[in-house]
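Residue numbers (full-length UniProt numbering), protein chains in the order written: chain A, 1 to 331; chain B, 1 to 331.
Next comes the structure, spelled out in structure tokens:
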């Protein structure tokens, strides 16, 4: 298995889960101060993660929660963001230009800003009210925040039970996904590493990740053309350009929007001979109860996508770290 | 000019503007009953129009307003939709399956449903509390609702002045756009009617329309591959797959997010030799004051896109009404 270190992965995920006591201390305090709404502020990959957090909450929550694109916030503002807003951000570098500008503007509203930063000492850290510093695992961090907020709002009664399973079994279950998916991923990469266009379809808590995978991985890191489309929207346009040879991948998860992705998966074989269905149901996830599988579907897909990336990168001899234009040219 | 009937267009737009007294009567009543939030419910093209309505409101409004995809609502619900919610929908056929199911579910919450229906006697009309029946002009209808809501909330002080200009000058100003854009549109169609992929970039109140133009026009009606991308997001992935020959069109409007599209327009010539910038500033819009031009930018683009469509349709001898799969196969 290329680029796979089981111990490192386990330790990374378990370390992220251990942030929960720190996160809960922060969130419990914010909850006690009567926040009014929750804003997930991001751009690019973090905008996508923000979409996932909102989709994740929508299944259970009556709280007002929304995504805000950072660059759009800088020019348009958002009058729903006030001193009673909790803003959650995440950044690897802590220096993405749109994020720094957006958080500066947000800070003037008096909103409470919780930042997850891979690098603790960065421009963004100085602007946040709370900083949690730990590398990677963005989605896990976001979901832990969302889950605590819902728990405190009385919307997640079995929170303790769920996190008991997560703490005990999540990391190992996800690592097993990587092992099981590896040969599939290798074949997938061999078949699709030169696609002139690849369509990715996703729904629910996987939609943000689908958007991100097409844009932040295939386009940005592999320099491969791709388009993401919400499963619900697939039938309102995109289907008409799919033919026998068009590469289409559908993510079928186990959250409440499973049926929307299933609908695409069932329809596709009639018109397309080059589709791939990736279904979380094909993975065991030992120690995770049936009713929680949907909540962690995005992590299953993420692990499978990582495997695909490792092989596409190698076959194409295209290191994923290089950029043609980003941070090479000014914009 | 192909497929262009000035008198018919003028009468269509002016007729839509005349709906305003009917719309205001409805909205004033809903406002008096203390609604809590505003949901724009749609799928495909109407989902896109909903995005535009929300972007339009965000410039001015502190009201809680959001987009809800109809198919997603059917499976996931949305606990922010309650009996104090105003839901706005629009439908040409009045029978789109996801819309009918979603509105049925929404009706059980006791939300107030305002429906714009091209066909008055349709399944959706029976489910709505208020029906306004008039063909086309969806965006204009949505903006009139949004503007009245903002006016009543004290967020649109010069509402009367704006609509005086709209009533007097809007339709003619837009028709003049069509005439001025026609030769450009013909050349554009001649150059791009066979593109293997076309990228459309938009921002602000044009983002929804950009999404829709790529998906509901190029993909669905021309069977041409295309991808839409938010101007703010362009730099976070998509730029890496753009090269000398990649067709990219950027819509540069005059709303508050103009700078985001401008940034793409200024960047592109460095890496791409096949781009097109469509800028509303190139059009006169006689009788529309400078401060209102941004509000109607989407209508300028819509008219230009219509011109392009007329020529692509003819050159490709591909009638825009035919569908390869939609409503031909079950899904």
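For each residue, glycine too, the CB sits at the ideal point set by N, CA and C.
Within 8 Å of any Cβ in chain B, is that where the Cβ of residue 69 of chain A sits?
yes
Taking the continuous beta strand (DSSP E) assigned at residue 115 of chain A, which residues delimit it?
112-117
Any C-beta of chain B sitting closer than 8 Å to the C-beta of residue 329 of chain A?
yes
Residue 24 of chain A (DSSP reduced to helix, strand or coil):
helix
Compute the distance between the beta-carbons of residue 326 of chain A and residue 235 of chain B, then report whether it is under 8 Å.
yes
Output needed for residue 14 of chain B: all residues of its chain with C-beta closer than 7 Å, excluding positions within five of it in sequence on either side, in chain order.
171
Alpha carbon of residue 38 of chain B to alpha carbon of residue 66 of chain B, nearest angstrom:
6 Å
Mind reading off the beta-carbon distance from residue 71 of chain A to residue 42 of chain A? Whole number of angstroms is fine, and I expect it under 8 Å.
Actually they do not touch by this definition, with Cβ atoms about 10 Å apart.
What distance in whole Å lies between the Cβ atoms of residue 242 of chain B and residue 278 of chain B, which are believed to be in contact at a cut-off of 8 Å?
Rounded, the Cβ-Cβ distance is 17 Å, inconsistent with contact.
Keeping to the same chain, check which residues put their C-beta closer than 6 Å to that of residue 245 of chain A; ignore five residues upstream and five downstream.
274
Spatial distance of residue 111 of chain B from residue 310 of chain A (CA atoms)
49 Å
Using CA coordinates, which residue listed in A:285, A:142 and A:272 is at the minimum distance from residue 176 of chain A?
A:285
In terms of residue numbering, what span does the beta strand (DSSP E) encompassing residue 227 of chain B cover?
226-230
Who are the neighbours of residue 197 of chain A on chain B, taking C-beta pairs under 9 Å?
196, 197, 225 and 227
Partner residues on chain A for residue 215 of chain B, Cβ-Cβ distance less than 9 Å
229, 233, 236, 237 and 238
Assess contact between the stretch 24-38 of chain B and the stretch 143-153 of chain B, defined as three or more Cβ pairs (one per stretch) separated by less than 8 Å. Is contact present?
yes
Between the Cα of residue 282 of chain B and the Cα atoms of B:179, B:45, B:315 and B:120, which residue gives the shortest distance?
B:179
Since I believe residue 57 of chain B is in contact with residue 197 of chain A (beta carbons under 8 Å), could you give me their beta-carbon distance rounded to a whole number of angstroms?
Rounded, the Cβ-Cβ distance is 35 Å, inconsistent with contact.
Measure the beta-carbon distance from residue 85 of chain A to residue 36 of chain A and round it to whole angstroms, keeping in mind my assumption that it falls under 8 Å.
6 Å
Beta-carbon separation of residue 155 of chain B and residue 297 of chain B under 8 Å?
no
Closer than 7 Å by C-beta to residue 287 of chain B: which residues in its own chain qualify, once you throw out the five before and the five after it? Chain order, please.
165, 168, 169 and 173
Residue(s) in a DSSP beta bridge with residue 38 of chain A:
A:65 and A:86
Report the option in B:63, B:44, B:49 and B:220 whose CA atom is closest to the CA atom of residue 137 of chain B.
B:49
Mind checking the stretch 264-286 of chain A against chain B and listing, in chain order, the residues whose C-beta falls within less than 7 Å of any C-beta there?
267, 270 and 271
Distance cutoff 8 Å, beta carbons only. Does residue 292 of chain B sit that close to anything in chain A?
no
Cβ of residue 74 of chain B within 8 Å of Cβ of residue 102 of chain B?
yes
For residue 8 of chain B, which of B:135, B:331, B:152 and B:233 has the nearest alpha-carbon?
B:135
Could you check whether the Cβ of residue 38 of chain B sits closer than 8 Å to any Cβ belonging to chain A?
no
When DSSP labels each residue in this structure, what does residue 177 of chain B get in the three-state scheme?
helix
Shortest alpha-carbon distance to residue 330 of chain B belongs to which of A:239, A:292, A:11 and A:324?
A:239
What would DSSP say about residue 284 of chain B, mapped onto helix, strand or coil?
coil
Quick one: residues in its chain with C-beta nearer than 7 Å to the C-beta of residue 314 of chain A, no 5 flanking neighbours on either side, listed in chain order?
2
Reduced DSSP secondary structure (H/G/I, E/B, other) of residue 30 of chain B
helix
Go ahead and pull the three-state DSSP assignment for residue 312 of chain A.
helix
CB contact below 8 Å: residue 75 of chain B versus chain A
yes
Can you name, in chain order, every residue of its own chain whose Cβ lies under 6 Å from the Cβ of residue 130 of chain A, other than the five neighbours on each side?
26 and 114
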